[in-house]
Amino acid sequence: MKVRRALLYMPATDWNKINKAITLNVDSICMDMEDGTALNRKAEARDTIIRALQELSFGKSEKLVRINSIGSGFEKEDLESVLPFHPDGIVIPKIESGSQIDWADEMIGKEEQAQGWEKYSIRLLVCIETALGIVNLKEMANHPRLDGLIFGAEDFAASIGATRSRGGWEVMVARSSVVTHAAAFGLQALDMIFVDFRDQVNLKIEASQAAAMGFTGKQIIHPAQVAPVQEAFTPSASAIEYAQRVVDTFLAHQSDGAGAYELDGKMIDMPIVKNAQKVIDRAKAAGKI
Ligand code: COA
Ligand code: MG
Numbered sequence: 020m021k022v023r024r025a026l027l028y029m030p031a032t033d034w035n036k037i038n039k040a041i042t043l044n045v046d047s048i049c050m051d052m053e054d055g056t057a058l059n060r061k062a063e064a065r066d067t068i069i070r071a072l073q074e075l076s077f078g079k080s081e082k083l084v085r086i087n088s089i090g091s092g093f094e095k096e097d098l099e100s101v102l103p104f105h106p107d108g109i110v111i112p113k114i115e116s117g118s119q120i121d122w123a124d125e126m127i128g129k130e131e132q133a134q135g136w137e138k139y140s141i142r143l144l145v146c147i148e149t150a151l152g153i154v155n156l157k158e159m160a161n162h163p164r165l166d167g168l169i170f171g172a173e174d175f176a177a178s179i180g181a182t183r184s185r186g187g188w189e190v191m192v193a194r195s196s197v198v199t200h201a202a203a204f205g206l207q208a209l210d211m212i213f214v215d216f217r218d219q220v221n222l223k224i225e226a227s228q229a230a231a232m233g234f235t236g237k238q239i240i241h242p243a244q245v246a247p248v249q250e251a252f253t254p255s256a257s258a259i260e261y262a263q264r265v266v267d268t269f270l271a272h273q274s275d276g277a278g279a280y281e282l283d284g285k286m287i288d289m290p291i292v293k294n295a296q297k298v299i300d301r302a303k304a305a306g307k308i
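Okay, here's the thing in structure tokens:
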């Protein structure tokens with residue numbers, strides 16, 4: 020699966036920002052036709068995306084397109100216009116049911132078949148950002164086209180009538196549900212946007228909190244957020260070294276017949292080894308080892 024530590028949005032009408040995005044070495048670039056695009060510019064957004072997919076080289080960055088929500092009246096034309104240019108994936112905002120995922124899957128599957136592309140070569144990521152989206156997570160997370168669940172805090176707060184706070188306690192249960200469902204179905208989990216894009220200190224705090232919660236990446240909205248966020252979701256050299264020691268010493272103790280043992284004053288047993296293995300997997304995926 021494509022590594023997505025940072026997923027950068029820009030309004031799909033903004034040709035300059037798309038051109039800027041491809042120079043940033045960001046894992047995923049998401050051209051947004053939804054809330055980043057004004058209502059009277061949806062057609063222009065489609066045309067700009069088509070031009071970008073045809074003319075620009077995205078390098079190692081993933082090419083994603085966010086369509087308008089299902090039921091907005093724009094979604095069908097959004098999908099139909101961009102699919103022939105094979106984006107790497109589609110992002111759907113405000114997803115609320117399994118049948119909405121089936122609808123998108125069918126549309127994408129038909130285009131793959133018509134063009135002779137491999138089935139499931141266009142991936143799907145969905146934004147869980149309403150109360151109903153959280154309640155229906157279980158029926159949505161188990162779809163073979165899905166790569167990830169994205170948590171949208173601002174829309175979620177609006178949907179339940181919560182007031183956002185810096186600590187984010189008002190969205191914590193929903194945020195954590197997204198991670199849990201993603202993990203249960205082998206998907207990636209992408210954390211909420213940190214909207215105060217000039218504040219690097221609190222961005223780093225929120226990104227490391229998300230990584231500690233089990234998120235694999237985070238949505239971002241500004242070039243200054245790329246490096247700190249990608250770093251927060253990449254295991255540090257010392258974390259990798261420790262994880263490797265845990266795995267190595269565990270194997271040695273297992274063959275000596277010990278399931279639990281001590282390392283640096285701490286008890287090590289199976290769950291700690293499993294977590295260490297996850298650190299190693301993430302480091303490998305990020306090209307660190
Ligand atoms: N993607 C790519 N480039 C971006 C960018 C983004 N999301 N946000 C800013 N930039 C570029 C600017 O165009 C500018 O480029 P330049 O130096 O070549 O002129 C540079 O980075 C510095 O930008 P800055 O002046 O600090 O910000 P701004 O005032 O131009 O833009 C926002 C501020 C919030 C409007 C802008 O960051 C943005 O549009 N973010 C994405 C919003 C979005 O897509 N929302 C919907 C999804 S949640
Ligand atoms: Mg939104």
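In our numbering, the protein residues as written are 20 to 308. Idealized CB from N, CA, C, for every residue including glycine.
Beta-carbon contacts of residue i that lie in its chain and below 8 Å, excluding the five residues immediately before and after
| i | result |
| --- | --- |
| Trp34 | Thr67, Arg70, Ala71 |
| Asn155 | Glu115, Ser116, Gly117 |
| Leu83 | Leu26, Ser47, Ile48, Cys49, Met50, Pro106, Asp107, Gly108, Ile109, Val110, Leu144 |
| Leu209 | Arg23, Leu26, Leu144, Gly167, Leu168, Ile169, Phe170, Phe234, Thr235, Gly236, Lys237, Gln238 |
| Ser80 | Ala40, Ile41, Leu43, Asn44, Val45, Asp46, Ser47, Ile48 |
Of the listed residues the options, nearest to residue i (C-alpha basis)
| i | options | result |
| --- | --- | --- |
| Gln296 | Ser274, Gly284, Leu270 | Leu270 |
| Thr268 | Ser255, Leu282, Arg183, Ser257 | Leu282 |
| Gly187 | Glu96, Ile224, Ser255, Gly276 | Ile224 |
| Lys138 | Met126, Ile147, Glu94 | Met126 |
| Gly284 | Ile299, Val298, Asn294, Val265 | Val265 |
| Ser257 | His272, Ala302, Ala229, Ala226 | Ala302 |
| Phe77 | Glu96, His241, Leu58, Lys36 | Lys36 |
| Ile212 | Thr56, Arg194, Glu81, Ala181 | Arg194 |
| Glu173 | Cys146, Leu222, Glu158, Met286 | Cys146 |
| Pro103 | Arg85, Glu94, Lys129, Trp122 | Lys129 |
| Arg164 | Gln273, Lys61, Ala123, Val245 | Ala123 |
| Glu94 | Leu75, Gln219, Met52, Asp121 | Met52 |
Residue i - containing alpha helix (DSSP H), residue span
| i | result |
| --- | --- |
| Ser274 | 256–274 |
| Pro247 | 245–251 |
Closer than 6 Å: residue i CB and nearest ligand 1 heavy atom
| i | result |
| --- | --- |
| Gly55 | yes |
| Lys113 | no |
| Tyr28 | yes |
| Lys157 | no |
| Asp97 | no |
N-terminal and C-terminal residue of the beta strand (DSSP E) that residue i is part of
| i | result |
| --- | --- |
| Val145 | 142–147 |
| Met232 | Premise fails: Met232 lies in the alpha helix (DSSP H), 219–232, not in any beta strand (DSSP E). |
| Met191 | It is not in any beta strand (DSSP E) - Met191 instead sits in the alpha helix (DSSP H) that spans 191–203. |
| Phe170 | 165–170 |
| Ser80 | Segment: none, Ser80 is in no beta strand (DSSP E) and carries neither H nor E. |
beta-carbon residue i near ligand 4 non-hydrogen atom, thresh 6 Å
| i | result |
| --- | --- |
| Ile86 | Of the ligands this structure carries, namely ligand 1 and ligand 2, none is ligand 4. |
Any non-hydrogen atom of ligand 2 within 6 Å of residue i CB
| i | result |
| --- | --- |
| Gly90 | no |
| Gly171 | yes |
| Asp210 | no |
| Asp166 | no |
Neighbourhood of residue i by C-beta, 6 Å cutoff - its chain only, sequence neighbours within 5 removed
| i | result |
| --- | --- |
| Ala177 | none |
| Ala229 | Asp210, Lys237 |
| Ala181 | Glu189 |
Cβ neighbours of residue i in the same chain (closer than 7 Å, five flanking residues each side left out)
| i | result |
| --- | --- |
| Ser227 | Ala251 |
| Thr149 | Lys113, Glu115, Asp174, Phe175, Ser178 |
Open item on the list: Below 8 Å, how does it come out for the segment 37–57 and the segment 20–28: are there three or more Cβ pairs, yes or no?
Closed with: yes
Open item on the list: Check whether the segment 81–90 and the segment 102–115 touch, using three or more Cβ-Cβ pairs below 8 Å as the test.
Closed with: yes
TODO: Indicate whether the contact test is met: 3 or more Cβ pairs, each with one atom in the segment 246–256 and one in the segment 272–280, closer than 8 Å.
DONE: no
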